[in-house]
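> Chains A and B, in that order, are what the protein sequence lines are.
If you read the first sequence in this note's numbering, its first letter stands for residue 533, the second for the next number, and so on.
If you read the second sequence in this note's numbering, its first letter stands for residue -10, the second for the next number, and so on.
Below you'll find the structure I mean.
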Amino acid sequence: MKRYILIIITIIAALLVSCNIDATDGIYSEAAASTESTSVTTRSYLGQYDSAYYYLTDDGIFKIGQENALFADDPENTDAPIIRAASMNQTDGSLLILWQNKKPEDGAVIKYYAFDGTKYADPVVVEGTFTNLLANGLYYNSTGIFKYGCADSLVADIKAVMYTLISGDYAFFCIKDNSDNYKYYVIDASGAVKVNGIGSDTVYNTFIGFQAICDSDFVLLNYKNSNSKLEAYKMSATEIAADPYVTLKSSVPYAFSTQAMSFIYNDEIYFKCTSYFEKIKTDNETEQINTGFAANLRTAEITNILPTADDGIFVAGTKSSMLYRIDLINNSSSRITE
Amino acid sequence: MTFSDTHLKLGGFASLSYQAYLSEYTALGGELAYVFNYSNSGLLLTTVPITAKFTYVPVQTGKFDIALSLNLGGAFIRYNEGKYFAPFASLTLTPSFFFTENWGLGVETGLMVTSEFYGKNSNKNLASAFCGLMPVTLTLSYRH
Chain A
533 MKRYILIIIT IIAALLVSCN IDATDGIYSE AAASTESTSV TTRSYLGQYD SAYYYLTDDG
593 IFKIGQENAL FADDPENTDA PIIRAASMNQ TDGSLLILWQ NKKPEDGAVI KYYAFDGTKY
653 ADPVVVEGTF TNLLANGLYY NSTGIFKYGC ADSLVADIKA VMYTLISGDY AFFCIKDNSD
713 NYKYYVIDAS GAVKVNGIGS DTVYNTFIGF QAICDSDFVL LNYKNSNSKL EAYKMSATEI
773 AADPYVTLKS SVPYAFSTQA MSFIYNDEIY FKCTSYFEKI KTDNETEQIN TGFAANLRTA
833 EITNILPTAD DGIFVAGTKS SMLYRIDLIN NSSSRITE
Chain B
-10 MTFSDTHLKL GGFASLSYQA YLSEYTALGG ELAYVFNYSN SGLLLTTVPI TAKFTYVPVQ
50 TGKFDIALSL NLGGAFIRYN EGKYFAPFAS LTLTPSFFFT ENWGLGVETG LMVTSEFYGK
110 NSNKNLASAF CGLMPVTLTL SYRH
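Below, the structure written as structure tokens:
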């Protein structure tokens, strides 16, 4: 009898101990990585201009250290358009803003705002209505992908933009053309098309991360449904490699609610996965990082990461904890407060 | 080091225990407790220890007792979407003043430790961790 009781207790204990298998992280390590939440919901970090940091929230576009919005949504006015996306040119401080009309059938318009160092000029309205504006300044609708200042579309013959991934100045597009072919493009912030390829939809629907190693060398991170693995693929100017060159140890970030944000330093790529940053080293080995710079950020929902002009310094936007400065030289991160 | 450096905010602790004296100075029993803390991000960390409790009472004046207790057992812990059943141990010191023959009021403090272990083949192999808490609680005792 005693033996059966012991066996039952052992089975129950084993079941209880296995309860955390489906969780994305250790309980204590997740709690220890928790960061102070703010009441602000950040949608993206826009960039740095003249030493100030700019970011887009649910309430409008703000500058760190300044309470009033530079451009505000007006929740009191139910007919006023709201800001859906924005892009900053870090060279001259100018802004592109996608204003979404309240009536969906009225679409969204893009306005360009020049900055003279003290104030923004009256907007120049970009002709047409648009579906989305990306952080690197590219925007698109059902007729093409565009860049402000370029007379013609960068890519035409679009039936639908299936999804986009962004990394610094580069954007990855997967589109369906009017002949129902799936095509992919990498376009940089200047409007130059770096990759132009054709492929199958079954592959494309699972890409969740993207990183430019250099101007002609790109990496896509793919979530493979069959084995729940994250696999990195190299991409040439015309095609995606058939086989992955690296398989990550980490799991999927936030069930695709956001892409696996990435940055690159010393030719090593850092992908933000669910509980870790995972680094693809130059020898194609990988390393999960949860300490140092990653300690404050590894469980945060990161909106985007941009490099700065300083070596080894990056800025990450987080959904509920504002902006963080990542210092890879000192292996630290800290919230930006001014 | 501040409270925010622990990434946990001040929390709460409540427990119920029952013990029987084995000898004049020692007692054995069990304890069920509930511990909660909020993390910096505002999520709730709960711990429910179920333990065997051994107590040594070296000081007994009739009015004033000092008890040293060792708890061993397991704890259900929960945070965000994660659940885990962890080994649990605590060592506590409880000076108590008995204001009647049966009822005493005291203050208990000590160290409670839980731990989380993952094997090297687990995808959470970097997440093995210990959690140490130092609760300070008021105790109400009944003896007969």
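Don't be surprised by glycine CBs; every beta carbon is placed ideally from N, CA and C.
#1: With which residues is E97 (chain B) paired in a DSSP beta bridge?
#2: With a cut-off of 8 Å on the beta carbons, I'd call S865 (chain A) and L829 (chain A) a contact; round off their distance for me.
#3: Between A:G639, A:A826, A:G729, A:E637, which lies nearest to S807 (chain A) when the distance is taken from Cα to Cα?
#4: Strictly below 7 Å CB to CB, what residues from chain B border T567 (chain A)?
#5: Below 7 Å between beta carbons: does that hold for S569 (chain A) and G31 (chain B)?
#6: I'd like to know if G558 (chain A) contacts chain B, where contact means its C-beta is closer than 7 Å to some C-beta of that chain.
#7: For M123 (chain B), does the count of other Cβ atoms within 10 angstroms reach 16, so buried, or fall short, so exposed?
#8: Is any beta-carbon of chain B found at less than 7 Å from that of A764 (chain A)?
#9: So, helix, strand or coil for G824 (chain A), using DSSP?
#10: At which residues does the alpha helix (DSSP H) containing I559 (chain A) begin and terminate?
#11: Using a beta-carbon distance below 7 Å, is A41 (chain B) in contact with chain A?
#12: Residues in the same chain with beta-carbon distance under 8 Å from A9 (chain B), minus the five sequence neighbours each way, listed in chain order, please.
#13: Given 8 Å as the limit, is there contact between the region 94 to 108 of chain B and the region 76 to 83 of chain B, that is, 3 or more CB pairs closer than that?
#14: Quick one, are the C-beta atoms of T871 (chain A) and E810 (chain A) less than 7 Å apart?
#15: Figure out for me which residue from A:G729, A:I698, A:K756 has the closest Cα to the Cα of A769 (chain A).
#16: Do we get a CB-CB distance below 7 Å when we pair A848 (chain A) with the residues of chain B?
#17: Determine the direct distance from the alpha carbon of F25 (chain B) to that of D842 (chain A), and round the result to whole angstroms.
#18: Compare the Cα-Cα distances from D582 (chain A) to each of A:A724, A:N600, A:K651 and report the closest residue.
#19: With H, G and I counted as helix, E and B as strand and the rest as coil, what does DSSP make of T(-5) (chain B)?
#20: Assuming contact is defined by CB atoms lying nearer than 7 Å, are L762 (chain A) and L752 (chain A) in contact in what I supplied?
#21: Which runs of the beta strand (DSSP E) spanning at least 3 residues fall entirely within the region 745 to 823 of chain A, listed in chain order?
#22: Please report the Cβ distance between T83 (chain B) and A64 (chain B), rounded to the nearest whole angstrom; I am assuming they are in contact, meaning their Cβ atoms lie under 8 Å.
#23: If distances are taken between C-alpha atoms only, which option among B:G0, B:G95, B:Y27 comes closest to K52 (chain B)?
#24: Check each residue of the region 55 to 85 of chain B: if its Cβ is closer than 9 Å to any Cβ of chain A, include it; give the result in chain order.
#25: Does any CB atom of chain A fall closer than 7 Å to the CB of L115 (chain B)?
#26: Do we get a CB-CB distance below 7 Å when we pair A564 (chain A) with the residues of chain B?
#27: Cβ atoms of T40 (chain B) and S58 (chain B): under 7 Å apart, would you say?
#28: Which of the three DSSP states, helix, strand or coil, is assigned to E637 (chain A)?
#29: Taking a cut of 7 Å between CB atoms, which residues from the region 100 to 113 of chain B lie near chain A?
#30: According to DSSP, is Y680 (chain A) part of a helix, a strand, or is it coil?
#31: Looking only at its chain, what residues have a beta carbon closer than 6 Å to the beta carbon of A646 (chain A), apart from the 5 residues adjacent to it on each side?
#32: So S561 (chain A) contacts chain B; which residues on that side make the cut at Cβ distance below 9 Å?
#33: Does N668 (chain A) pass the burial test, meaning 16 or more other C-beta atoms within 10 Å, or should it be called exposed?
#34: Between the C-alpha atoms of F603 (chain A) and D648 (chain A), what's the straight-line distance to the nearest angstrom?
#35: Work out the CA separation of I677 (chain A) and D720 (chain A) for me, nearest whole Å.
#36: Once you ignore the five residues that flank I812 (chain A) on each side, which residues in its own chain have a CB closer than 7 Å to its CB?
Here's the rundown:
#1: Under DSSP, E97 (chain B) takes part in a beta bridge, and its partners are B:T126.
#2: With 8 Å as the limit, S865 (chain A) and L829 (chain A) qualify as a contact, their Cβ atoms being about 6 Å apart.
#3: Minimum Cα distance to S807 (chain A) is reached at A:A826.
#4: Here the neighbours are N29, S30.
#5: A Cβ-Cβ contact shorter than 7 Å links S569 (chain A) with G31 (chain B).
#6: When Cβ-Cβ separations below 7 Å define contact, G558 (chain A) makes contact with chain B.
#7: Exposed.
#8: No, its Cβ sits nowhere closer than 7 Å to a Cβ of chain B.
#9: If DSSP states are grouped into helix, strand and coil, G824 (chain A) belongs with the helices.
#10: Its alpha helix (DSSP H) spans residues 559 to 564.
#11: Closer than 7 Å: no.
#12: Cβ neighbours of A9 (chain B) beyond the five flanking positions: A16, L17, G18.
#13: The region 94 to 108 of chain B is in contact with the region 76 to 83 of chain B.
#14: The structure shown does not extend to residue 871 (chain A), since chain A is modelled only from 533 to 870, so the question has no answer here.
#15: Of the candidates A:G729, A:I698, A:K756, the one whose C-alpha sits nearest the C-alpha of A769 (chain A) is A:G729.
#16: No, because no Cβ of chain B sits closer than 7 Å to the Cβ of A848 (chain A).
#17: Approximately 43 Å between the Cα atoms of the pair.
#18: Of the listed residues, the one whose Cα sits closest to D582 (chain A) is A:K651.
#19: If DSSP states are grouped into helix, strand and coil, T(-5) (chain B) belongs with the helices.
#20: No, the pair does not count as a contact, with Cβ atoms beyond the cut-off.
#21: Runs of the beta strand (DSSP E) spanning 3 or more residues and lying entirely within the region 745 to 823 of chain A occur at 749 to 756, 761 to 767, 794 to 797, 800 to 804, 809 to 812, 818 to 821, in chain order.
#22: Between A64 (chain B) and T83 (chain B) the Cβ distance is about 20 Å, and since that is not below 8 Å, they are no contact.
#23: Relative to K52 (chain B), the option among B:G0, B:G95, B:Y27 whose CA is nearest is B:G95.
#24: Of all residues in the region 55 to 85 of chain B, G63, F65, I66, R67, Y68, N69, E70, G71, K72, Y73, F74, A75 have a Cβ within less than 9 Å of some Cβ in chain A.
#25: Yes - at least one Cβ of chain A is within 7 Å of the one on L115 (chain B).
#26: Under the Cβ distance rule, A564 (chain A) counts among the residues neighbouring chain B, one pair being separated by less than 7 Å.
#27: Their beta carbons are not under 7 Å apart, which means S58 (chain B) does not touch T40 (chain B) by this criterion.
#28: DSSP places E637 (chain A) in helix when its eight states are reduced to three.
#29: Of all residues in the region 100 to 113 of chain B, E105, Y107, N112, K113 have a Cβ within less than 7 Å of some Cβ in chain A.
#30: Correct three-state label for Y680 (chain A): coil.
#31: Cβ within range, chain order: S626, A653.
#32: For the C-beta of S561 (chain A), the chain B residues within less than 9 Å are, from N- to C-terminus, E105, K113, L115, A116, S117, A118.
#33: Buried, by the Cβ-count rule.
#34: Looking at the two C-alpha atoms, the distance is approximately 16 Å.
#35: If you take the alpha carbons of D720 (chain A) and I677 (chain A), they lie about 12 Å apart.
#36: Spatial neighbours of I812 (chain A) in its own chain (CB-CB distance under 7 Å, excluding positions within 5 residues in sequence) are listed in chain order as A764, V778, E800, I801, T818.
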